[in-house]
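Student:
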Amino acid sequence: MTVQPIRLFGDPVLRTPADPVVDFDVELRRLIADLTDTMRDRGGAGLAAPQLGVGLRVFTFEVDDVLGHLVNPVLEFPDTEEQDGPEGCLSIPGLYFDTKRRQNVVAKGYNGYGDPLQIVGTGLMARCVQHETDHLDGVLFLDRLDPAGRKEAMKAIRQADWYDDAAPPTVKVSPHAAGGPFGLGR
Numbered sequence: 003m004t005v006q007p008i009r010l011f012g013d014p015v016l017r018t019p020a021d022p023v024v025d026f027d028v029e030l031r032r033l034i035a036d037l038t039d040t041m042r043d044r045g046g047a048g049l050a051a052p053q054l055g056v057g058l059r060v061f062t063f064e065v066d067d068v069l070g071h072l073v074n075p076v077l078e079f080p081d082t083e084e085q086d087g088p089e090g091c092l093s094i095p096g097l098y099f100d101t102k103r104r105q106n107v108v109a110k111g112y113n114g115y116g117d118p119l120q121i122v123g124t125g126l127m128a129r130c131v132q133h134e135t136d137h138l139d140g141v142l143f144l145d146r147l148d149p150a151g152r153k154e155a156m157k158a159i160r161q162a163d164w165y166d167d168a169a170p171p172t173v174k175v176s177p178h179a180a181g182g183p184f185g186l187g188r
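Below you can see the structure in the form of structure tokens.
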């Protein structure tokens, strides 16, 4: 269990849909622990495996003192009620933009041992679950902004001290890389 570097906006892994988890083994549980440690170290509400460079459908969350994870999530929306409020991302550090999301969500998936798990979320929990599931689909919250909001966000990203448009995105080797039990070197 260790804190890992987080991939930043511009890294292609953030735009690549993640593969379903098929092996619920010790390596998956180590990945979940790394996600949890990194998320907590960075003060995030959630963190998805692609943000660590791992192309698997798993994320962790900590919202309203509820700490957990979900593997292979599938979302259902019990109604059409929406929320609109500030949203940020550890892969786009320090920037927040109003983003529309569904107010309520039911997320079904599995825990790190392959046991069925369901999360019923509203408000911030619903926002977090939707945001992290988007990461697993290669979608960033910026994609959910209207054109004017996206333009404002891109301007802010270009001005951020962590963004370097002159260099290609940094790709760091994941501790869960190819040749490991996942056999997925992303």
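At position 68 of the sequence shown the residue is numbered 70 (the working numbering), and the sequence of numbers has no breaks. A virtual CB, placed ideally from N, CA and C, is assigned to each residue, including glycine.
(1) My output table needs one value for Gln-85: the three-state DSSP class, helix, strand or coil.
(2) What separation, rounded to the nearest whole angstrom, lies between the Cα atoms of Leu-2 and Asp-163?
(3) Helix, strand or coil for Ile-94 per DSSP?
(4) Going by CA-CA distance only, name the one from Val-73, Gly-125, Phe-26 that's closest to Glu-84.
(5) By alpha-carbon positions, which one of Gly-55, Pro-95, Thr-4 ends up nearest to Gly-140?
(6) Start and end of the alpha helix (DSSP H) containing Val-76?
(7) Just to check my reading of the structure: His-137 and Ala-47 have Cβ atoms closer than 8 Å, yes? What is that Cβ distance to the nearest angstrom?
(8) Counting only the same chain and skipping the five closest in sequence on each side, list residues whose C-beta sits under 8 Å from that of Thr-18.
(9) How about Leu-119 and Ile-8: are their beta carbons less than 7 Å apart?
(10) Return the Cβ separation of Arg-59 and Val-108 in integer angstroms, given the expectation that the two are a contact with Cβ distance under 8 Å.
(11) Can you list, in chain order, the stretches of the beta strand (DSSP E) that have 3 or more residues and sit fully within the segment 8-53?
(12) Between the beta-carbon of Phe-79 and the beta-carbon of Arg-103, is there less than 7 Å?
(13) Under the three-state reduction of DSSP, which class applies to Asp-100: helix, strand or coil?
Tutor: With the structure as the only source:
(1) In the structure shown, Gln-85 sits in a strand (DSSP, three-state: E or B).
(2) No statement about residue 2 is possible, as the shown extent of the chain runs from 3 to 188 and does not include it.
(3) Three-state DSSP puts Ile-94 in a strand.
(4) If we check each option's Cα against that of Glu-84, Gly-125 comes out closest.
(5) When only C-alpha atoms are compared, the closest one is Gly-55.
(6) For Val-76, no alpha helix (DSSP H) encloses it; the enclosing beta strand (DSSP E) starts and ends at 68-78.
(7) In fact, because the Cβ distance is near 13 Å, the residues do not count as touching under 8 Å.
(8) So the list reads Pro-52, Gly-57, Gly-140, Arg-188, once near-sequence residues are dropped.
(9) Cβ distance not < 7 Å, so Leu-119 and Ile-8 don't count as in contact.
(10) Contact flag wrong, Cβ pair sits at about 17 Å.
(11) Listed in chain order, they are 48-50.
(12) Arg-103 is positioned such that its CB atom lies no closer than 7 Å to that of Phe-79.
(13) In the structure shown, Asp-100 sits in a strand (DSSP, three-state: E or B).
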